[in-house]
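For the sequence shown, position 578 matches number 578 in full-length UniProt numbering, and the numbering has no gaps at all. Here a beta-carbon is modelled for each residue, glycine too, at the ideal position from N, C-alpha and C. To start, the structure under review is shown below, and the notes come after it.
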Amino acid sequence: IVTLLQEENTVPFMVRYRKDMINHMDADAVRDVQLVYEDTLAKKTQSVIQTLKKDGNLTAELEQTLRSCRSADELDHVYTPYKKGSKLTKARRAKALGLEDAASALLETPNVLDLNKWVKPGTEGLSTTEEVALDHRHIQFDQEKTDIDKFSLYFDFTSNIQRIQPHQVDMESLKILTVKVNIPDRVRTDFTTWCINSRWRTKTFAREELRVMIKNAVEDSYKRLILPFLTRSYRSKLTTAAEKESIAMFVRNLRQRLLACPVRGCVIMGVDPGFRHGCKVAILSSTSHILHTDVFYLHSSKHQEADKLRHLLVKYGCTKIVIGNGTACRETESFFSELICRRFFNPLDVSYCITNEAGASIYSVSPEAVKEMPDMDPNLRSAVSIGRRVQDPMAELVKIDPKHIGIGTYQHDVSAGALKAALDGVVQECVSFVGVDINICSETLMRHVAGLNAGRARNIAEWRVQNGPFINREQLKLVKGMGPKSFQQCAGFVRINPQTLESSLPHSRPAVPEKATTKKGKGKSAVVVPTSVNPLDQTCIHPESYHVAQRFLSRVGGSADQIGTAKLSQCMDNTVKNSSVEELASTMDTSPETLKLIIDGLTQPPGFDIRQNFGQADFKRGVVSMSDLQVGAVLTGRVDNTALFGAFVDIGVGRSGLIHKSKITLDKLPPSQRRRSLVLGPGERVEVRVLNVDRQRGRIGLDLIRVLQ
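Structure, rendered in structure tokens:
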């Protein structure tokens, strides 16, 4: 994995096209390795050593101590006294006074050590025997604290802090809890005894006052330096563990939101509910184009506004209504539910759903929203965004900073940089694995494909405007800034859809060029690119494996024009039954993983979308209130959000219920989720039992029965 990372391979590329090299690890596991690699202790240690060497502070002994550090905390502890701007430690001041030899004599030959010989009246730190003894103490501990290996026993003991939950640690910043690490007194006693009797035991007879000096040095070092270091170290570990769990929860929730199944092929009305400023609505075509926008005051002139709504729905043939879950959501839902129950919209069979509108308001005033909808009121842009979140969740959510989407817990308590990197990584993973139709996808969506960035996405969009649609993947090489590495990383995740290509050609150019085109950069050889259509470009098969795919098609007696057909699938099944995938891969000089991917690509029908296996928005016609709930009732719902302590489920009563994590057991989860603590994620449909209802506090306790497939 490290080698692949050093070669600048992206996580999605490795997970899909280099499975054999990463031992079939999933994206989360690879990202964990990437994080460790980028923040490796060895890398930090080398940087510290170079800095100390440059400043003239590096000694052979110090370098050995630095290289023996087992954690970033230990490394920082050793390096801190040498940082620029840091005050000299008491030990370094004592050494500067020339007392290092005397400190060594205290342990080696205490019977001949005379402290009076080191006294220098008028010199600060040496003016009295007491000052000399104190400086000896500081030097002695400086040797103790850097002897990491021999102290590891005292850094690795168990205590009740192991039972603290990550979300409880996070809550400290809210001033609700105070986390204090208490080191048992027995540790101080054991440490002092070990130092005096073993580590710092004098080699010859020492006078009583010298033995007292050693004991005082040990006790002072524990109280002033060892104890604070242990406290900081364990507190840091608690915070790091809690932060890691919070970020992992964000990643899981965001992945589920992005991979929600799109609602395609129908006109949708997006509704941003409100009281004083009315409900903002947007009618969207089946391809997400804006057909109409308006504002309705549903909570005042009900009858008049209802007639206007019916006229709009009938005019555009709209049967699906998407309501944002913000202010006035419950009242707006009741309004529509009442009209639907009265069959007010006949002959239309109208239904509605509630969707999370987090981030819609922020997006509506962003430069990107202004560019996309320049002459529209920001409030109406929110309604457009709400509707599009159901039509194509991923395409809409990538426009919004992930931390504003309303996922996870305690986002302000974790490292902003670590959170951003993790969320950006999962966005790239989801967009890449779903794939993008390069001829119609937005520039915003395109920039999240592995191997692409904002600049390359902009260049691709400009190329489409100037040259028309892409005929094949190879033409990506003609785009400015698209080098061999970028092409390798992104090629397998872009699609050339025959339907969109055919519909785009007449409007952009009369015919496909017959001659191959070339691109020649400064100081580079020309790149010859074919202009013929390649059916394999609509699949997840990478261009680097096209020659293997063609050989496999010949072997099974099929052709690329049959991709996704039952006939080709039957031919492949017969071949695989007669010879295993491993045997076939060996004869074709490829890996079994690559051949399996090729078989998947040839089997999947045109336009295949992995999101079809994920949950879709639930549309309904009636509303249930919290007062209707009874303990013991069995309901179906959809996970709205998850936290470190459980999952919140929308059961259609206007208030999400909580399934505590203790109720989410392995036997209730499908096999695919019994790994890496994936548990539940937003969008998943579940069957639950009502455990308790607190109507006064608006709380509902649920028990998980099973996850619905």
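- In this structure, ALA360 and GLY324 form a Cβ contact; the two beta carbons are roughly 7 Å apart against a cut-off of 8 Å.
- With a cut-off of 8 Å on Cβ pairs, the region 567–583 is not in contact with the region 525–540, counting fewer than three such pairs.
- The C-alpha of ASP73 is placed about 7 Å away from the C-alpha of SER233.
- Nearest Cα to VAL465 within the set LYS302, SER504, ARG495: SER504.
- Taking the Cβ atoms as the reference, ASP32 lies roughly 13 Å from VAL15, outside the contact range of under 8 Å.
- Looking only at ILE471, VAL528, ASP628, the smallest Cα-Cα distance to ASN439 is reached by ILE471.
- Contact between ASP618 and CYS353 holds: CB atoms are separated by about 6 Å, below the 8 Å threshold.
- LEU595 and GLY557 have their C-alpha atoms some 16 Å from each other.
- Pairwise C-beta distances place the region 45–65 out of contact with the region 619–637, as fewer than three of them are shorter than 8 Å.
- If you draw a 10 Å sphere on the C-beta of ALA217, you find 16 or more other C-beta atoms in it, and that means buried.
- Taking the Cβ atoms as the reference, GLY701 lies roughly 7 Å from GLY657, within the contact range of under 8 Å.
- In the DSSP assignment, THR636 is bridged to GLU687.
- Per DSSP, ARG699 is one residue of the beta strand (DSSP E) stretching across 699–707.
- Distance from the CA atom of LEU669 to the CA atom of ARG706, rounded to whole angstroms, is 7 Å.
- Taking each of ASP589, LEU75, CYS441 in turn and checking the Cα distance to THR287, the smallest one comes out for CYS441.
- Under the rule that a run must span 4 or more residues, the alpha helix (DSSP H) segments found entirely inside the region 170–252 read 185–194, 208–221.
- If you check the CB distance, PRO402 and GLU474 do not come in under 8 Å.
- Counting the other Cβ atoms within 10 Å of the Cβ of LEU553 gives 16 or more, which makes it buried.
- Per DSSP, ASP609 lies in no beta strand (DSSP E) segment and is marked neither H nor E.
- For the options HIS311, ASN453, LEU284, the alpha carbon positioned closest to that of VAL384 is the one of LEU284.
- When DSSP states are grouped into helix, strand and coil, GLY317 belongs to the coil group.
- Here DSSP, grouped into helix, strand and coil, assigns LYS577 to helix.
- Counting C-beta pairs with one atom in each stretch, the region 334–350 and the region 309–321 have three or more that are closer than 8 Å, which means they touch.
- In this structure, the alpha-carbon of ASP185 lies about 48 Å from that of GLN256.
- Per DSSP, the unbroken alpha helix (DSSP H) holding VAL465 starts and ends at 454–467.
- In the assembly as shown, ASN253 is a buried residue. Its beta-carbon has 16 or more other beta-carbons within 10 Å.
- By the C-beta criterion, the region 294–304 is judged not to be in contact with the region 257–269, since fewer than 3 inter-stretch pairs fall below 8 Å.
- Three or more beta-carbon pairs separated by less than 8 Å link the region 632–640 to the region 678–693, which places the two stretches in contact.
- Cβ contact annotation for ASP20 (same chain, cutoff 8 Å, sequence separation greater than five): SER591, PRO592, GLU593, THR594, in chain order.
- For ILE599, the enclosing alpha helix (DSSP H) stretches over residues 592–603.
- In the DSSP assignment, TYR352 falls within the unbroken beta strand (DSSP E) covering 351–355.
- For VAL322 against ILE386, the beta-carbon gap comes to about 6 Å, under 8 Å, which counts as contact.
- Ranking GLY481, LEU445, SER432, VAL436 by CA distance to the CA of GLY455 puts GLY481 first.
- The straight-line gap separating the alpha-carbon atoms of LEU210 and PHE191 is approximately 19 Å.
- For the pair ILE290 and ALA282, the Cα-to-Cα distance works out to about 7 Å.
- Taking each of GLY564, PRO273, LEU423 in turn and checking the Cα distance to THR355, the smallest one comes out for PRO273.
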